[in-house]
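Notes follow once the structure below has been shown.
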Amino acid sequence: MDSVKSRLQSSARGSHRTEQVARAAAHLFQEYGYQNVSIDRIGAAVGLTGPAVYRHFKGKHDILVHALMSQVHLTEELHTAVDEQGTTAEEKLHLLLAGFSDLTVYGNEATLWRREQRHLNPDEREVFQRYFADNQQRIAEQIMAFRPELSAAKAELLGSAVLATYSNTPDIRGTLSADRLQEIQTAVAWAIIDCDLPDPDPDPDAPATPAPNDRRPAGRRERIIDAAARLFNERGFYDVHIDDIAKASEMSTATLYQHVSSKTEVLRAVLERGAEGLLYVTADALAYASTPESALDALIETYIRQAVGPYGRIMQILTADLLYLPEDDQQALRNAQREYVAEWIHVIEQLAQGLSASDARALAQAAIGVVTDLTQSPQLRKRPALPAELTTLVHTMVLPAGLTRPAGA
Numbered sequence: 023m024d025s026v027k028s029r030l031q032s033s034a035r036g037s038h039r040t041e042q043v044a045r046a047a048a049h050l051f052q053e054y055g056y057q058n059v060s061i062d063r064i065g066a067a068v069g070l071t072g073p074a075v076y077r078h079f080k081g082k083h084d085i086l087v088h089a090l091m092s093q094v095h096l097t098e099e100l101h102t103a104v105d106e107q108g109t110t111a112e113e114k115l116h117l118l119l120a121g122f123s124d125l126t127v128y129g130n131e132a133t134l135w136r137r138e139q140r141h142l143n144p145d146e147r148e149v150f151q152r153y154f155a156d157n158q159q160r161i162a163e164q165i166m167a168f169r170p171e172l173s174a175a176k177a178e179l180l181g182s183a184v185l186a187t188y189s190n191t192p193d194i195r196g197t198l199s200a201d202r203l204q205e206i207q208t209a210v211a212w213a214i215i216d217c218d219l220p221d222p223d224p225d226p227d228a229p230a231t232p233a234p235n236d237r238r239p240a241g242r243r244e245r246i247i248d249a250a251a252r253l254f255n256e257r258g259f260y261d262v263h264i265d266d267i268a269k270a271s272e273m274s275t276a277t278l279y280q281h282v283s284s285k286t287e288v289l290r291a292v293l294e295r296g297a298e299g300l301l302y303v304t305a306d307a308l309a310y311a312s313t314p315e316s317a318l319d320a321l322i323e324t325y326i327r328q329a330v331g332p333y334g335r336i337m338q339i340l341t342a343d344l345l346y347l348p349e350d351d352q353q354a355l356r357n358a359q360r361e362y363v364a365e366w367i368h369v370i371e372q373l374a375q376g377l378s379a380s381d382a383r384a385l386a387q388a389a390i391g392v393v394t395d396l397t398q399s400p401q402l403r404k405r406p407a408l409p410a411e412l413t414t415l416v417h418t419m420v421l422p423a424g425l426t427r428p429a430g431a
């Protein structure tokens, strides 16, 4: 494993100032959002003036493309190292998971692609999507080599879930040490790989997981929130104008301003609706749960139902655009998220006695992140049994075999 780690570190290092600029920019994009980061801020992070950055890149867009391509190259290096050094299917999986863990635990740009891909032009996005699909396929093939009884379809879902686990590392991290974070990542990833998914509907004409319909709310403010959620999800907060929201709401801009004062207020309303709505439906479901097991069932069923429904749009907006709200609004929404995750933590601690609250939080965030990512994939949403598959998967993830309280804790 040390040779794989050394190879990745060598690939990531780069001594040229161009690489320093790209790494600093990737960190800033991750922390503050692409649209909130200026060329001057990128330059200051590496001791350059803004104009000096242009000696290395034509503009901020080119820096984003370079940063994303650097992630692609690191992943390709990992797959190459695994193929060269692994001798069995199990050993290759161990090397692959350890490599993903090193890339995400000791880096902090794991969500850069998910959040900032919308700023790429269509040709660039297509190129990166091909790389992403190839990465998913290679993971699925490694899982099938380890579990030859699996169908390609099941391996595809398991591979996507493994990748989503690592891409959600910034949310999973919390207060965990790097070593403990890697232990939890590895336990969850192996739980996914070993998961026995339910068999799909034998009917070849079984419908795909239903998408939300195009119903428009009757009330004007509700129409504004609904239309804005659709537009923000499709194009991103910065690329949507207030006139676009008015048109999609079937009202004039003047009428829209009678209900909201700005586009930022609309974004806040959309995200508040999602956060408070999730808390409400969860509280309702938990009111009928009499045991920790039934409470976990309620949490999983409720979240998956919300993820495949209209709330799924808001999940994506929360990931991509929360950073464009004022700090006080961001904090209020994060507090609502913490209130929701606290329900998962409480149940996991009851069912997996011996784990710390930090461990339980990490397991909850891993499960929530995987459901969020997988339900937003058009390809995976074609699966008729996706809700049932995710239910089985999440049960396995939040109670992974072999994960114990660290020594001395």
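Counting in this note's numbering, the final residue of the sequence shown is number 431, and the numbers go up one at a time with none missing.
Just so it is clear, CB atoms sit at the ideal spot from N, CA and C, and this is done for glycine as well.
Euclidean distance between Cα positions of residue i and residue j
i: residue 251; j: residue 71; result: 38 Å
i: residue 172; j: residue 105; result: 21 Å
i: residue 122; j: residue 244; result: 42 Å
i: residue 107; j: residue 129; result: 23 Å
i: residue 39; j: residue 49; result: 15 Å
i: residue 186; j: residue 69; result: 35 Å
i: residue 332; j: residue 351; result: 22 Å
i: residue 423; j: residue 209; result: 7 Å
i: residue 59; j: residue 189; result: 22 Å
i: residue 361; j: residue 175; result: 35 Å
i: residue 327; j: residue 162; result: 26 Å
i: residue 33; j: residue 117; result: Legend: pLDDT at residue 33 = 46, less than 50; position of this residue unreliable, no value from coordinates given.
i: residue 73; j: residue 41; result: 17 Å
i: residue 99; j: residue 114; result: 14 Å
i: residue 253; j: residue 240; result: 18 Å
i: residue 103; j: residue 146; result: 27 Å
i: residue 400; j: residue 119; result: 26 Å
i: residue 81; j: residue 61; result: 8 Å
i: residue 255; j: residue 79; result: 29 Å
i: residue 155; j: residue 405; result: 17 Å
Boundaries of the alpha helix (DSSP H) in which residue i is found, first to last residue
i: residue 306; result: 285-308
i: residue 334; result: 333-343
i: residue 250; result: 242-257
i: residue 82; result: 82-107
i: residue 385; result: 379-397
i: residue 79; result: No alpha helix (DSSP H) holds residue 79; DSSP gives it neither H nor E.
i: residue 373; result: 349-373
i: residue 145; result: 144-168
i: residue 320; result: 314-330
i: residue 261; result: Per DSSP, residue 261 belongs to no alpha helix (DSSP H) and is neither H nor E.
i: residue 216; result: No alpha helix (DSSP H) holds residue 216; DSSP gives it neither H nor E.
i: residue 413; result: 408-420
i: residue 192; result: 191-195
i: residue 39; result: 39-54
i: residue 66; result: 61-67
i: residue 311; result: First-last for residue 311: undefined, no H or E at that position.
Supposed contact pair residue j and residue i - C-beta distance, whole angstroms, cut 8 Å
i: residue 3; j: residue 292; result: Here the chain comprises residues numbered 23 to 431, so residue 3 is not present and cannot be evaluated.
i: residue 312; j: residue 197; result: At roughly 32 Å, the Cβ-Cβ gap does not stay under 8 Å, so residue 312 and residue 197 are not in contact.
i: residue 329; j: residue 393; result: 5 Å
i: residue 338; j: residue 398; result: 6 Å
i: residue 408; j: residue 346; result: The Cβ separation is near 30 Å, so there is no contact.
i: residue 134; j: residue 89; result: 7 Å
i: residue 414; j: residue 217; result: 6 Å
i: residue 140; j: residue 55; result: Residue 140 to residue 55, Cβ: 11 Å. No contact.
i: residue 142; j: residue 87; result: 7 Å
i: residue 165; j: residue 177; result: 5 Å
Contact under 8 Å by Cβ, residue i with residue j
i: residue 432; j: residue 179; result: The structure shown does not extend to residue 432, since the chain is modelled only from 23 to 431, so the question has no answer here.
i: residue 183; j: residue 377; result: no
i: residue 373; j: residue 425; result: no
i: residue 341; j: residue 136; result: yes
i: residue 297; j: residue 355; result: yes
i: residue 411; j: residue 192; result: no
i: residue 358; j: residue 301; result: yes
i: residue 85; j: residue 149; result: no
i: residue 249; j: residue 276; result: no
i: residue 138; j: residue 51; result: yes
- [ ] Could you say if the stretch 260-268 and the stretch 317-328 meet the contact criterion of at least three C-beta pairs nearer than 8 Å?
- [x] Look at the beta carbons and you see the stretch 260-268 not touching the stretch 317-328: under three pairs across the two are nearer than 8 Å.
- [ ] Kindly confirm or deny that the stretch 382-391 and the stretch 357-373 touch, where touching means at least three C-beta pairs closer than 8 Å.
- [x] They touch, by the three-pair rule.
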